[in-house]
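J.:
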């Protein structure tokens with residue numbers, strides 16, 4: 004059993020969650036995602052995808068059930084300890100990117116290192132600026148001109164790539180992407196995903212990509228439907 008657990012990036016059992024005063028949103032008997040796996044989680048708007056991500060990332064605490072992430076049971080951890088664990092081990096790419104407009108491109112990418120010494124320690128050679136530049140170059144933002152621009156002057160696609168580089172910096176074990184391609188056309192989405200998966204593969208990171216756009220599912224190792232794994236029925 005321990006050998007099997009060691010292979011899992013995410014293990015959830017009997018996971019249940021309801022927002023205050025609302026009926027159950029999440030009721031998932033079992034969810035396993037292997038380390039290094041690239042998983043596409045689909046579901047219509049309002050089906051609980053973002054709520055599930057909050058539970059798996061330790062942002063939310065379930066009413067019942069267990070969540071183990073990279074072998075760590077999140078339930079016994081305090082809120083502050085869950086925040087530290089998330090900062091050390093999970094890189095998030097948000098739908099609206101959440102870049103800080105008063106910081107430049109490199110500063111936005113390096114922001115996670117201010118909150119996680121573990122991520123800083125994982126950078127080969129101990130040079131975060133060089134690693135941030137490498138990541139930006141790997142996803143097509145390597146020019147000095149772009150690096151000098153305020154993030155507010157970047158295109159939507161460029162801002163998305165900055166957000167991806169920020170999530171990848173310091174090789175977190177899990178990358179969680181919550182509808183990050185909704186503002187892009189189909190070809191741009193595929194190009195972005197190809198770059199993201201390539202970098203996850205080279206770092207050995209697990210990728211959990213959440214979207215309602217089912218046309219992207221074929222690019223992943225496995226597709227999960229939230230409507231299939233979640234026992235809540237509207």
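Residue numbers (my numbering): 4 to 237. Beta carbons: idealized from backbone N, C-alpha and C, even for Gly. On a predicted model such as this, the values are computed, not experimentally measured, just so you know.
Within 10 angstroms of the Cβ of residue 175, are there 16 or more other Cβ atoms? Answer buried if so, exposed if not.
T.: buried
J.: Jot down the residue ranges of each uninterrupted alpha helix (DSSP H) in the segment 16-71, minimum 4 residues, whole runs only, in chain order.
T.: Complete alpha helix (DSSP H) runs here, min 4: 52-59.
J.: Take every Cβ of the segment 81-90, pair it with every Cβ of the segment 37-45, and state whether three or more of those distances are shorter than 8 angstroms.
T.: no
J.: Quick check: what's the CA-CA separation for residue 125 versus residue 11?
T.: 21 angstroms
J.: With respect to the alpha helix (DSSP H) encompassing residue 232, which residues constitute its N-terminal and C-terminal limits?
T.: 229-232
J.: May I have the straight-line CA-CA distance separating residue 148 from residue 109, to the nearest angstrom?
T.: 12 angstroms
J.: Go ahead and pull the three-state DSSP assignment for residue 95.
T.: strand
J.: Secondary structure at residue 126, three-state DSSP: helix, strand or coil?
T.: coil
J.: If we count the other Cβ atoms within 10 Å of its Cβ and call it buried at 16 or more, is residue 113 buried or exposed?
T.: buried
J.: Quick one, which of 58, 172, 196 has its alpha-carbon nearest residue 216's?
T.: 196
J.: Quick check on the DSSP output: what are the complete beta strand (DSSP E) runs of length 3 or more inside the segment 171-235, in order along the chain?
T.: 177-181, 209-214, 225-228
J.: Using CA coordinates, which residue listed in 68, 45, 80, 35 is at the minimum distance from residue 231?
T.: 45
J.: Is it the case that the segment 49-56 contacts the segment 65-73, given that we only count it when at least three CB pairs across the two stretches are under 8 angstroms?
T.: no
J.: Should residue 36 and residue 13 be called a contact, given that it needs their Cβ atoms to be closer than 7 angstroms?
T.: yes
J.: Just list the residues that DSSP pairs residue 14 with in beta bridges.
T.: Residue pairing of residue 14 in beta bridges, as defined by DSSP: 35, 71.
J.: What is the DSSP secondary structure of residue 143, reduced to helix, strand or coil?
T.: Residue 143 falls in the coil class under three-state DSSP.
J.: Given a cut-off of 7 angstroms, decide if residue 98 and residue 182 are closer than it, judged by their beta-carbon atoms.
T.: yes
J.: Quick check: what's the CA-CA separation for residue 94 versus residue 169?
T.: 8 angstroms
J.: When the Cα atoms are used, what is the spatial distance from residue 226 to residue 166?
T.: Approximately 24 angstroms, taken between the alpha carbons.
J.: I need the DSSP call for residue 131, collapsed to helix, strand or coil.
T.: helix
J.: For residue 115, which three-state DSSP category applies?
T.: helix
J.: May I ask you to list the residues that DSSP assigns as paired with residue 76?
T.: 71
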